[in-house]
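Sequence order for the protein chains is A and B. First residue of the first sequence: 1, per the working numbering; consecutive thereafter. First residue of the second sequence: 1, per the working numbering; consecutive thereafter. We put the beta carbon where it would ideally sit given N, CA and C, even for glycine. I have placed the structure first, in the form of structure tokens, so that the comments after it can refer back to it.
2 protein chains.
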Amino acid sequence: MSKEISLQALQRLPLYLQYLKALPADKDIYISAKVLSSALGLGEIQVRKDLAAVSDGGKPKVGYCAAELIKDIENFLGYDNVNDAVLVGTGKLGKALLSYDGFKAYGLNIVAAFDSDPGKCGIDESGKQIFHISKMENLCERMKIEIGIITVPAASAQEVCDILVKSGIRAVWNFAPAHISVPAGVLLKNENMAASLAVLSKHLSEKRVCENNSNSI
Amino acid sequence: MSKEISLQALQRLPLYLQYLKALPADKDIYISAKVLSSALGLGEIQVRKDLAAVSDGGKPKVGYCAAELIKDIENFLGYDNVNDAVLVGTGKLGKALLSYDGFKAYGLNIVAAFDSDPGKCGIDESGKQIFHISKMENLCERMKIEIGIITVPAASAQEVCDILVKSGIRAVWNFAPAHISVPAGVLLKNENMAASLAVLSKHLSEKRVCENNSNSI
DNA sequence: GCTATATCGATATCCTAATATCGATATAGC
DNA sequence: GCTATATCGATATTAGGATATCGATATAGC
Chain A
1 MSKEISLQAL
11 QRLPLYLQYL
21 KALPADKDIY
31 ISAKVLSSAL
41 GLGEIQVRKD
51 LAAVSDGGKP
61 KVGYCAAELI
71 KDIENFLGYD
81 NVNDAVLVGT
91 GKLGKALLSY
101 DGFKAYGLNI
111 VAAFDSDPGK
121 CGIDESGKQI
131 FHISKMENLC
141 ERMKIEIGII
151 TVPAASAQEV
161 CDILVKSGIR
171 AVWNFAPAHI
181 SVPAGVLLKN
191 ENMAASLAVL
201 SKHLSEKRVC
211 ENNSNSI
Chain B
1 MSKEISLQAL
11 QRLPLYLQYL
21 KALPADKDIY
31 ISAKVLSSAL
41 GLGEIQVRKD
51 LAAVSDGGKP
61 KVGYCAAELI
71 KDIENFLGYD
81 NVNDAVLVGT
91 GKLGKALLSY
101 DGFKAYGLNI
111 VAAFDSDPGK
121 CGIDESGKQI
131 FHISKMENLC
141 ERMKIEIGII
151 TVPAASAQEV
161 CDILVKSGIR
171 AVWNFAPAHI
181 SVPAGVLLKN
191 ENMAASLAVL
201 SKHLSEKRVC
211 ENNSNSI
């Protein structure tokens, strides 16, 4: 375990996790790569290779122990040690993410939010504190926050990102529809809804429906 | 133009669009692949190849005409002919997307929303009508809606998707953290926040910071 | 008008990821 | 306890995308 893994494989791991957690939490449930692959619409060999990177093996004839697998994947992804995060920009999307209580399952804990509008500061309906953005650097450094979530308009995304980096953030999750740049050592992950829309729109504009099977992206 | 394009290239097109639109809307602005690539953190040849798929060419020494390029990309992606969509699930995320007025720039128009909770039906604060889910099939068929956006809890995602497909939807945009399956001919695009979180979490759990440059994903 | 050069576009190469093939192994069933 | 087989894991092959190389071309500057 903790071997090499491709970016694609890494991003498939939560899929396995989601499926495995939906199974009855019996200690002796075993599942084969074949079952997993057909349930998730993936290739069987691909599943086996992905799992090989995180677990120390399944058993012939029965497959992988589901409970073990969950533990291995969560451990591999670092979901066991919770990551604290801050969110910047409390518009509609920001508030939606603040209120979403599903993140804790992924080891993500949003501890506070920031906004440049003093009128928005205070306690959010989610119960979380919204501070003025001028307080960010100090708070992040004191609390050793490592993840910053950007939900501001495109125009201010780079500016906000720079402050986050200055505050010691090591991973940025960007929801703004803008390209931003970060120094080496800081990870930038764009949540690219525009890219998704491009795929949808292109598919629909191709009036001739190509009846292929690999239609999930 | 309208040649072959890879899925990755397709998803990069909105990036170019966003950058080009930020330029002054002068008719005679030209931009080279070199400038574009360094501004967006991409490879120069990659940019040239991507643009070759949508436009009918740049000029040596000066590059591509920005205004032409915008037109070509939007045309290629089908952003000019607006796509009507419906949204299912009016929780926090659903409401956030309903209120987001940036979609129209991508040719997406959410015409109505649906929820299984009769208490949530009526006019949303965004001004859009929320109907009971039982009305969905009829409305989608009458209005020839082709895009369905799923923002319901994971447990009901597949059920909702099935209704959408039955209603004639041809492209599904799934925000639920669940694997769902669609018949051939229908495109499924997962907006996979769990996958993004996996990348972030893994990066942070690797305590030894690999100081590589390709840190944007 | 001429030349030097920035830039494009096509072809070729490399690299990563997905898929196929085949032997190994432990379990289920008798 | 024995055998047949479902499944795993390793190696090899294929496919796709990203990158490099090189010649072509039209423009900018003189």
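For asparagine 138 of chain B, count neighbouring C-beta atoms within 10 Å of its own C-beta (all shown protein chains included) and say buried if the count is 16 or more, exposed if not.
Here residue 138 of chain B corresponds to residue number 138 of the second sequence, with the count starting at 1. When all chains shown are included, asparagine 138 of chain B counts as exposed.
Based on Cα-Cα distance, which residue from A/Asp115, A/Leu200, A/Leu40, A/Gly119 lies nearest to isoleucine 163 of chain A?
The residue given as residue 163 of chain A occupies position 163 in the first sequence. Per the Cα distances, A/Asp115.
Rounded separation between glycine 117 of chain A and histidine 132 of chain A - CA only:
If you number the first sequence from 1, residue 117 of chain A lands on position 117. If you number the first sequence from 1, residue 132 of chain A lands on position 132. Looking at the sequence shown, residue 117 of chain A is not glycine but aspartate. Approximately 7 Å between the Cα atoms of the pair.
Ignoring anything shorter than 4 residues, give me the alpha helix (DSSP H) runs that lie fully in the region 65-89 of chain A, in order along the chain.
Taking only runs of at least 4 residues, the alpha helix (DSSP H) segments lying wholly in the region 65-89 of chain A are 66-77.
Close Cβ partners of alanine 154 of chain B (< 6 Å) along its chain, the five nearest in sequence each way excluded
As a working mapping, residue 154 of chain B is identified with position 154 in the second sequence. Here alanine 154 of chain B has Ala176, Pro177, Ala178 as same chain residues with Cβ atoms under 6 Å from its own Cβ, once five neighbours each way along the sequence are excluded.
For a test of the three-state rule: what should DSSP assign to phenylalanine 103 of chain A, helix, strand or coil?
In the first sequence, the residue the question calls residue 103 of chain A occupies position 103. Phenylalanine 103 of chain A: helix per DSSP, three-state reduction.
Short CB-CB distance (under 8 Å) between tyrosine 30 of chain B and chain A
For this step, residue 30 of chain B is matched to residue 30 along the second sequence. No, because no Cβ of chain A sits closer than 8 Å to the Cβ of tyrosine 30 of chain B.
Using a 10 Å radius around the Cβ and a threshold of 16 neighbouring Cβ atoms, would you call arginine 12 of chain B buried or exposed?
Counting from one through the second sequence, the residue named residue 12 of chain B turns up at place 12. Buried: at least 16 other Cβ atoms inside 10 Å.
Return the chain-ordered ranges of every beta strand (DSSP E) run that is complete within the region 93-165 of chain A and spans a minimum of 3 residues.
108-115, 129-132, 147-150
At a CB-CB cut-off below 7 Å, which residues of chain A make contact with lysine 202 of chain B?
Looking up residue 202 of chain B in the second sequence gives position 202. Those within 7 Å of lysine 202 of chain B in chain A are Leu10, Leu77, Gly78.
So, with DSSP's three-state summary, where would you put lysine 27 of chain A?
The sequence position of residue 27 of chain A within the first sequence is 27, counting from 1. If DSSP states are grouped into helix, strand and coil, lysine 27 of chain A belongs with coil.
Under DSSP, the beta strand (DSSP E) around valine 62 of chain A begins and ends at which residues?
Reading the first sequence from its first residue, position 62 is the one you call residue 62 of chain A. Counted as a single uninterrupted DSSP element, the stretch harbouring valine 62 of chain A is not any beta strand (DSSP E), since DSSP gives it neither H nor E.
In the DSSP assignment, the alpha helix (DSSP H) including serine 199 of chain A goes from what residue to what residue?
Indexing the first sequence from 1 puts residue 199 of chain A at position 199. In the sequence as displayed, the identity of residue 199 of chain A is valine instead of serine. Its alpha helix (DSSP H) spans residues 193-205.
Which chain B residues sit within Cβ distance under 8 Å of glycine 226 of chain A?
Nothing about residue 226 of chain A can be reported from this structure: the residues present for chain A run from 1 to 217 only.
Using the beta-carbon count (16 or more within 10 Å), is threonine 90 of chain B buried or exposed?
The count along the second sequence starts at 1 and reaches residue 90 of chain B at position 90. Buried, since its Cβ has 16 or more Cβ neighbours within 10 Å.
Residues of chain B with CB under 8 Å from valine 199 of chain A, in chain order?
Reading the first sequence from its first residue, position 199 is the one you call residue 199 of chain A. The answer, in chain order, is Leu7, Leu10, Gln11, Leu187, Lys189.
At which residues does the beta strand (DSSP E) containing alanine 171 of chain B begin and terminate?
To locate residue 171 of chain B, count along the second sequence from 1; it is residue 171. 171-174 is the span of the beta strand (DSSP E), which, as asked, contains alanine 171 of chain B.
Do glutamate 4 of chain B and alanine 53 of chain B have their beta-carbon atoms positioned less than 8 Å apart in this structure?
By one-based count along the second sequence, residue 53 of chain B stands at place 53. By one-based count along the second sequence, residue 4 of chain B stands at place 4. In this structure, glutamate 4 of chain B lies closer than 8 Å to alanine 53 of chain B by Cβ.
May I have the straight-line CA-CA distance separating proline 77 of chain A from glutamate 146 of chain A, to the nearest angstrom?
Sequence index remark: in the first sequence, residue 77 of chain A carries index 77 (1-based). Sequence index remark: in the first sequence, residue 146 of chain A carries index 146 (1-based). A small fix is needed here, since residue 77 of chain A is leucine in this sequence, not proline. Those two C-alpha atoms are separated by around 16 Å.
How many angstroms separate the CA atom of isoleucine 123 of chain A from the CA atom of aspartate 72 of chain A?
Position 123 of the first sequence holds residue 123 of chain A. Position 72 of the first sequence holds residue 72 of chain A. Going by the C-alpha atoms only, they are around 37 Å apart.
Does any residue of chain B bring its CB to less than 8 Å from the CB of histidine 132 of chain A?
The count along the first sequence starts at 1 and reaches residue 132 of chain A at position 132. Judged by the 8 Å Cβ criterion, histidine 132 of chain A is not in contact with chain B.
Check distances from the C-beta atoms of the region 151-173 of chain B to those of chain A and list, in chain order, the residues that come in under 8 Å.
Going along the region 151-173 of chain B in chain order, one finds Ala154, Arg170, Ala171, Trp173 with a Cβ nearer than 8 Å to chain A.
Just the chain A side, please: which residues come within less than 8 Å of tyrosine 100 of chain B by C-beta, in chain order?
Taking the second sequence and counting its residues from 1, the one referred to as residue 100 of chain B is at position 100. Going along chain A in sequence order, the residues near tyrosine 100 of chain B (Cβ under 8 Å) are Lys92, Leu93.
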